[in-house]
Every structure is written in C-alpha cells, then in structure tokens.
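Novice:
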Amino acid sequence: MKYPSFVDDQSYMEMDSSVPEAEQLKAMLSNLTRVHLLTANKFDSFDSLIREYLISGIEVFGLETGIVSQVTAEGIYIVRDVVSPLDVLEKGLEFQLEDTYCREVIKSQQVLGFPEVGILDYMNCHPVYQNLKLEAYLSAPIFVGSDLYGTLNFTSVHPRKRGFSRHEHNLILLLAHSIGSFILLRNKEEKLVTLNQKMKRFVGYVAHDLRNPLGTIIGYARMGSRKGVSEERLRSAIGKILHPAEQALEFVSTILESAAISTGKLSLSIAPLPVQDLLEQVVESVSHFAEECGVSFVINCDDYQVEGDAKRLSQSITNLLINAVKYSPRNSQVLLEAQHSGEQLVVSLENSIDAQQEGAAQKSGEYYGSVGFGLDIVSEVLLAHHSELILSEKDGIYRAEFSLPLVK
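Final position of the sequence shown in numbering that gives the first Met the number 0 is 407; the numbers increase by one with none missing.
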C-alpha cells in the first residue's frame, strides 16, 4: 500500500511564507533539543516516562491527542497511557487492532503520517474516522529489542495542510526508540532482580539440603575411622552413611537438572498420555511416604489424554504431592483432580495445612517455596509445556493447578 510521503524539510518550510525561514529553523532546533533532553532524562517509572513523552509530543507536533499503545500477539490494542481532550479515550482501554489507525503502522512496521485521513480512500471508511473524525495522524512503531511492542501516536481532528515533515518523522522515531530502550532496560533489570533472588534461594537450599547429609556422612566417617573401632560398628557406620549419601547425590542431580532447565537445555518427549494412569502412578510412588505421615489421597479424574512428557510431568506432580503431604495434618486428605475445561485439562491439587505450621505459610509462595528447587523445576517444566503453575489459598485450603492441552 502506498502511504503519504513525508515532506523534505526545505520544501516544508517554503510552504509557509508567513514565517521567516530563520524562525522555522529555530523552532526545529528547539524541538530537537527538547526531544534530545527528554530522551536523555532519567525516569523512575514507565508511567512517568510515557506521560512526559505524550505531553511533549503534543506540543512539539501541534496535535491534540497522544497515545502509547501495546499490541498483543492476539491483535489486542491496549492504551497504556493517553493525553487527550476526547472523553472516550482513557488509560487501560482495549480495542481490536483492526479497529485502530495503528493497524497500518503495525502492518508496515514503519513511521507513518496521514495529514488528512478524509481524502484517503483506504482510511476514510475506518471506524475511528467515522466516529471521531480524526484527520491528522502521526505514529511510530515501538520496538523492544527485535520485538514489536506497540505504537507511539499523535492525532488531531484538524488536518495538516502542509503534511508532515521529515524532521517530524525523525523526532517521533527518536521518541519511540527511547521508549523501547526504556522497556528493554526495565526488563533486564527485572531479570537481574529475579536472578539475584534465585541465587539467594539457591544458597539457602544448599546450606540446608546439602549441608545436613554431608554433615551426617562426615560424622559417621570420622566415627568409623577411629582406632580400635569394632567391625560391627564400622559396618553400622557404613550402612548409616548410605542414606544421606543418596540424599546428597539426589540433591546435586536436582541442581544440575535445574541448571539445564534454566539454560533452555530441557528436552521434552511429547506424546499422548492417559491422565488417570499418570496420576495413579504418581500417587503410588509417594504412597509409602504418605502413609508414614498419616495422609491419604483422593483422585478425581476424567478419562482423558493430554499432550506432554510423561517423565517430566510425573516428576512435577510428585514434587507437588510430596510438598502437600509434608505440610498436611495427620488423618487428612490430599485431593488430586483433573477436569477438562474447553480444549484444556486442568490438573489441580488441594490440601489443608497443619495448624502448627500456619504461621510459616501465611503466604502461598512461602509455603510452596519450602520444597526448595522443586517448585522452580515444576514451574520450568510447565513453562516448557506452554503452561503455568498457579498457586492459591482460601480458607486454609492450599491449591496448586496447571493446564495441559487435550489430545484431539
């Protein structure tokens, strides 16, 4: 599609003979300086940044309405912020992308300027024009890295008789690039914070889950190495070393598995799985531990098949079951369900928590986080299945759930 061209700066200035060229150049320099200072500024939040960009853009471009939008993969146009005299526009509104002028910017992935929408046959029948009569439109795509985030756009009910200049093209492009860079930096900072928190948890897990079995091993090893120790006592010490050694090996294997998952090296063998068989096998694998804790299971499962990796899903559900058993009071039940919802199967686990441990479980994250690396691995495995672990608590009942696609 052929869009209106931007006017070169010299021709643009010559269109208005009422203002001396020197004054126009001075105004252009002033706008450039303002945009440069704006992009060099430091903002505490994304909201404060885009608000200032919109106010400045409205003044620089001489238009009435400014919007920063985010466009989702599903084609939803979300107004992240807006400055406008139009009452129908407000922050948080959502539209179909096809119902906005920005569809052309997203489609072309370039800066566009429509000086007078009403004379464009492919635009004057647009719902926005029909309802709001927005004539002038200037917009640039916002990229975060290589990903298209949304648009920065300005509009007016008054047409721009001289069109939009190349200078204005460059200014809005600079503003859009700056917004994208801010989002990219913010995302990186959030990832660093997450990694730092994960590292702190890692140190805690190692200090607790690895130090204890190693301490036991060292203690029995020292006892067995003493002079004059009897053969019977030596055999006893060796036998007692075996269990903590296996615990330590399992923990190290878990660390390695978590590292492989977090670096994207997790490989899945996706195949149709009968869910009822999967849940019954997992329950059987932890039944001895549950009996020792005085906890029983109730399985409520529709007879369906899902797409997934049997080994990884079994490990994940086992992690959740062990945690539920560990924190449930004696003589209680853990409910394990799998119910279909549309094209998905929702797998859920519910249990109450021992009243004596209620104080340590006021936040579901703290309660479920007590399994250490287990929860991290469960979350990563589900993410690889395009799913998500959802944790919640209501009236003392803790619930973990995730969904998987049904076999069609």
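No residue lacks a Cβ here, since even glycine has one placed at the ideal position from N, Cα and C.
Out of 314, 185, 36, point me to the one whose CA is closest to residue 45's CA.
Specialist: Checked all of 314, 185, 36; the closest Cα to residue 45 is 185.
Novice: Only counting runs of 4 or more residues, tell me where the alpha helix (DSSP H) segments fall wholly within the stretch 36-81, in order along the chain.
Specialist: You should have 45-60.
Novice: Can you tell me where the beta strand (DSSP E) with residue 339 in it begins and where it stops?
Specialist: It spans 331-340 - the beta strand (DSSP E) in which residue 339 sits, taken as one unbroken run.
Novice: Contact between the stretch 312-321 and the stretch 376-389 is defined here as three or more beta-carbon pairs at a separation below 8 Å; is this criterion met?
Specialist: Touching, yes, given that three or more Cβ pairs across the two stretches are closer than 8 Å.
Novice: Answer yes or no: do residue 209 and residue 153 have a C-beta to C-beta separation smaller than 8 Å?
Specialist: Cβ distance not < 8 Å, so residue 209 and residue 153 don't count as in contact.
Novice: Which of the three DSSP states, helix, strand or coil, is assigned to residue 301?
Specialist: Of the three classes helix, strand and coil, the one that applies to residue 301 here is coil, per DSSP.
Novice: Measuring straight from C-alpha to C-alpha, what distance separates residue 366 and residue 243?
Specialist: Reliability of the predicted coordinates at residue 366 is poor, the pLDDT of 43 falling under 50, and the value obtained from them is presented with this limitation in mind. If you take the alpha carbons of residue 366 and residue 243, they lie about 25 Å apart.
Novice: Just tell me which of 200, 201, 231, 237 has its CA closest to the CA of residue 218.
Specialist: For the residues 200, 201, 231, 237, the minimum Cα distance to residue 218 belongs to 237.
Novice: Which residues in the same chain as residue 275 place their Cβ atom closer than 7 Å to its Cβ, once the five residues preceding and following it in sequence are excluded?
Specialist: Result list for residue 275: 300, 302, in chain order.
Novice: Can you list, in chain order, the residues of its chain whose CB lies under 8 Å from that of residue 8, leaving out five sequence neighbours each side?
Specialist: Result list for residue 8: 27, 164, 165, 166, in chain order.
Novice: Under 8 Å between the Cβ atoms of residue 159 and residue 14?
Specialist: No; because the gap between Cβ atoms is not below 8 Å, this pair is not in contact.
Novice: Does DSSP classify residue 95 as helix, strand or coil?
Specialist: Residue 95 falls in the strand class under three-state DSSP.
Novice: Is the stretch 336-354 close to the stretch 388-403, with three or more CB pairs under 8 Å?
Specialist: The answer is yes - the stretch 388-403 touches the stretch 336-354, with three or more Cβ pairs under 8 Å.
Novice: Distance, Cα to Cα, residue 406 vs residue 272?
Specialist: Each residue's Cα considered, the two are about 9 Å apart.
Novice: Who does residue 398 pair with in a DSSP beta bridge?
Specialist: According to DSSP, residue 398 bridges with 349, 391.
Novice: Helix, strand or coil: which one does DSSP assign to residue 196?
Specialist: If DSSP states are grouped into helix, strand and coil, residue 196 belongs with the helices.
Novice: Going by Cα to Cα distance, which pick from 269, 296, 298, 60 is closest to residue 306?
Specialist: If we check each option's Cα against that of residue 306, 269 comes out closest.
Novice: For residue 389, collect the residues of the same chain with a Cβ closer than 6 Å to its Cβ; drop the 5 residues on either side in sequence, then sort them by chain order.
Specialist: Excluding sequence neighbours, residue 389 sits near 400.
Novice: Pull up the DSSP beta-bridge partners for residue 295, would you.
Specialist: In the DSSP output, where bridge partners are listed per residue, residue 295 has 332.
Novice: Should residue 191 and residue 171 be called a contact, given that it needs their Cβ atoms to be closer than 8 Å?
Specialist: No.
Novice: Judging by CA-CA distance, which residue of 309, 334, 393 is the nearest neighbour of residue 381?
Specialist: Considering only alpha carbons, the answer is 309.
Novice: Rounding to the nearest angstrom, what Cα-Cα distance links residue 105 and residue 132 in this structure?
Specialist: If you take the alpha carbons of residue 105 and residue 132, they lie about 21 Å apart.
Novice: First and last residue of the alpha helix (DSSP H) that includes residue 442?
Specialist: As shown, the chain starts at 0 and ends at 407. That puts residue 442 outside it, with no answer to give.
Novice: Taking the straight line between their C-alpha atoms, what separation do you get for residue 311 and residue 283?
Specialist: Near 17 Å, if we compare the C-alpha coordinates of residue 283 and residue 311.
Novice: Quick check on DSSP: helix, strand or coil for residue 306?
Specialist: Looking at residue 306 - three-state DSSP - the assignment turns out to be strand.
Novice: I believe residue 178 touches residue 54 by the beta-carbon criterion, under 8 Å. Please report the beta-carbon distance rounded to the nearest angstrom.
Specialist: In fact, because the Cβ distance is near 14 Å, the residues do not count as touching under 8 Å.
Novice: Determine the direct distance from the alpha carbon of residue 252 to that of residue 224, and round the result to whole angstroms.
Specialist: Residue 224 and residue 252: Cα-Cα distance of roughly 28 Å.
Novice: Just to confirm the assignment, what range does the alpha helix (DSSP H) spanning residue 110 have?
Specialist: No alpha helix (DSSP H) contains residue 110, which DSSP labels as neither H nor E.
Novice: Indicate the three-state DSSP secondary structure (helix, strand or coil) for residue 315 in the structure shown.
Specialist: It is helical.
Novice: Can you give the beta carbon distance from residue 144 to residue 183, rounded, assuming they're within the 8 Å contact cut?
Specialist: Confirmed, about 6 Å.
Novice: Can you tell me where the beta strand (DSSP E) with residue 148 in it begins and where it stops?
Specialist: Taken as a continuous stretch (DSSP letters only), the beta strand (DSSP E) holding residue 148 covers 146-155.
Novice: For the candidate residues 59, 342, 351, 329, whose alpha-carbon lies nearest to that of residue 335?
Specialist: It is 351.
Novice: Could you compute how far the alpha carbon of residue 279 sits from the alpha carbon of residue 195?
Specialist: Computed Cα separation, rounded: 38 Å.
Novice: Of all the options 404, 384, 385, which has the alpha carbon lying nearest to the alpha carbon of residue 342?
Specialist: Among 404, 384, 385, the Cα nearest to that of residue 342 is on 404.
Novice: Since residue 112 and residue 88 should fall inside the 8 Å C-beta cutoff, what is the C-beta to C-beta distance between them, to a whole number of angstroms?
Specialist: 20 Å between Cβ atoms; not a contact.
Novice: In angstroms, rounded to a whole number, what distance separates the CA positions of residue 75 and residue 328?
Specialist: Distance between the alpha carbons of residue 75 and residue 328: 46 Å.
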